[in-house]
Amino acid sequence: EAGVAQSPRYKIIEKRQSVAFWCNPISGHATLYWYQQILGQGPKLLIQFQNNGVVDDSQLPKDRFSAERLKGVDSTLKIQPAKLEDSAVYLCASSLEDSNEQFFGPGTRLTVL
Amino acid sequence: DAKTTQPPSMDCAEGRAANLPCNHSTISGNEYVYWYRQIHSQGPQYIIHGLKNNETNEMASLIITEDRKSSTLILPHATLRDTAVYYCIVRVTGNQFYFGTGTSLTVIP
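Those protein sequences? They're chains A and B, same order as listed.
Take the position in the first sequence, starting the count at 1, then add 15; the result is the number in our numbering.
Take the position in the second sequence, starting the count at 1, then add 3; the result is the number in our numbering.
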């Protein structure tokens, strides 16, 4: 079974630039999550989708972050404009609709200079 | 969801049992205890979860005290590949996971 795919694996940008990350969840997983993990901290949930609807985006900085999952499968997370404090690993995870087990992708490491 | 307290780091000799403690003194009756681990440069990986009974799977055992205020994750025969950060999470089904900073376990040859 293929795991959660993310791209790119690494990205370096300058502050005020825009960036987008892509996630392809495990086939059949209705729930998709985006997490931000700052160095030395545990992952923090940014947004949770159930199919193509948003379940929880309470910790998403909506002035600069946006996410979509148009067809209920792939998802993109965008930052516009980026700030220095956005430097982190962005993790995507997916799960079956009624499951407590989340499967994580390898993450995208973002460095904002 | 209740918060958890874990030691920041632990060492364990290869081949020995690794016992990782977690305090969750404010846990409520409908909150589950979950354990995930994160190996360096990878995403977190689910290990095990339980409500009040002890649980065992192919990876680990979870021992929850009778009052449910603490739990212990046991890796019965630690290997070098078990070196990782281990997160203890208390959560009501449907709520988000709060990972905290976890315990960094180092398995020593």
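Ideal placement from N, C-alpha and C gives every residue a C-beta, glycine not left out.
Is it buried or exposed for residue i, if we count other Cβ within 10 angstroms and need 16 for buried?
i: P112(B); result: exposed
i: G101(A); result: Rather than Gly, the amino acid found at residue 101(A) in this sequence is Asp. Buried: at least 16 other Cβ atoms inside 10 Å.
i: Q117(A); result: buried
i: K78(B); result: In the sequence under discussion, the amino acid at residue 78(B) is Leu, which differs from the Lys named in the question. Buried is the call here.
i: Q95(A); result: exposed
i: T68(B); result: exposed
In the DSSP output, which residue or residues are listed as bridge partners for residue i?
i: W104(B); result: Here residue 104(B) turns out to be Thr, not Trp, going by the sequence shown. According to DSSP, which records beta bridges pairwise, T104(B) is partnered with nothing at all.
i: Q56(A); result: Its beta-bridge partners do not exist; DSSP assigns none.
i: S73(A); result: For S73(A), which the question treats as bridged, DSSP gives no partner whatsoever.
i: V95(B); result: E34(B)
i: N66(A); result: Partner(s): none; N66(A) has no beta bridge.
i: Q51(A); result: K59(A), Y105(A)
i: V110(B); result: C15(B)
i: S74(B); result: C25(B), I67(B)
i: N39(A); result: A20(A)
Check whether chain A comes within 7 Å of residue i, counting only Cβ atoms and requiring the distance to be less than that.
i: H52(B); result: yes
i: Q99(B); result: yes
Does at least one heavy atom of the ligand HEM sit under 6 Å from the Cβ of residue i?
i: E61(B); result: In terms of ligand content, the structure shown is empty, and the ligand HEM therefore cannot be addressed.
Taking C-beta pairs closer than 7 Å, name the residues in chain A that residue i reaches, listed in chain order.
i: P47(B); result: P58, F119
Run down chain B in chain order and give the residues with a C-beta less than 7 Å from the C-beta of residue i.
i: L92(A); result: Those do not exist, as L92(A) stays about 15 Å from chain B at its closest Cβ, beyond 7 Å.
i: D71(A); result: Q99
Interface residues of chain A around residue i at Cβ under 8 Å?
i: G103(B); result: G57
Can you pull the chain B neighbours of residue i, defined as C-beta to C-beta under 9 Å?
i: A129(A); result: Within the shown structure, residues of chain A are numbered from 16 to 128, placing residue 129(A) beyond reach of any answer.
i: G122(A); result: S44, Q45, G46
Which bits of chain A does residue i rub up against, with CB to CB less than 9 Å?
i: Y90(B); result: G57, P58
With a cut-off of 7 Å, does the C-beta of residue i fall near any C-beta of chain B?
i: E116(A); result: yes
i: L128(A); result: no
i: L106(A); result: yes
Taking C-beta pairs closer than 8 Å, name the residues in chain B that residue i reaches, listed in chain order.
i: Q63(A); result: Q99
Next item on the list: Please list the segments of the beta strand (DSSP E) lying wholly inside the segment 18-67 of chain B, counting only runs of 3 or more residues, in order along the chain.
Entry: 21-26, 34-41, 48-53, 64-67
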